[in-house]
Amino acid sequence: MKDLLRHYWGDRIRVRALFSGCGSRNGGRRRSLSFQEVVCVDTGELLRRHTWIPAEDFEYLMKVGDLVTFDAHVGSYEKKGHGFRQLGFGFSSCRRFWTESHDNVVEIWNPNTALEVAA
């Protein structure tokens, strides 16, 4: 899939996504949040099927399965792999949150609690 975030590079956009859990990206120590089906609210365009957002950029209580709408800055970073460097795009500085809960019975994710690790 072509990286559609490139068109929004440097902009602040409103997106809607399904919160699918928390963990660490690529086995790292930095806690991140996982979102699926990330859509631009203004255009309805699917921007990403899946993305990770650093937890410190997203201090908001929500439950797995919640549909979350928020404003985010589209920035860039350097991706390394397969012997070359590449420009990647992602979300940061998230704020102005709205949630549709759909009566989930799962626990609310609290950004101030320690991350549990499965044995």
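Using our numbering, you'd call the opening residue of the sequence shown number 401 and step up by one each time.
Glycine included, every Cβ here is placed at the ideal spot set by N, Cα and C.
Of the candidates Q486, C440, L418 and H482, the residue whose Cα lies closest to the Cα of K463 is L418.
For K479, the CB contacts under 8 Å within the same chain, skipping 5 residues up- and downstream, are R485, Q486, L487 and G488 in chain order.
For the set G444, G483 and I453, the Cα lying nearest the Cα of L433 is the one of I453. Checking the DSSP bridge columns, you'll see D471 partnered with R414 and R495. Here the alpha carbon of E445 sits roughly 32 Å from the alpha carbon of G483.
Around the beta carbon of L405, 16 or more other beta carbons lie within 10 angstroms, which makes this residue buried. In this structure G490 is buried. Its beta-carbon is surrounded by 16 or more other beta-carbon atoms within 10 angstroms. In the structure shown, H450 adopts extended strand secondary structure according to DSSP, grouped into three states.
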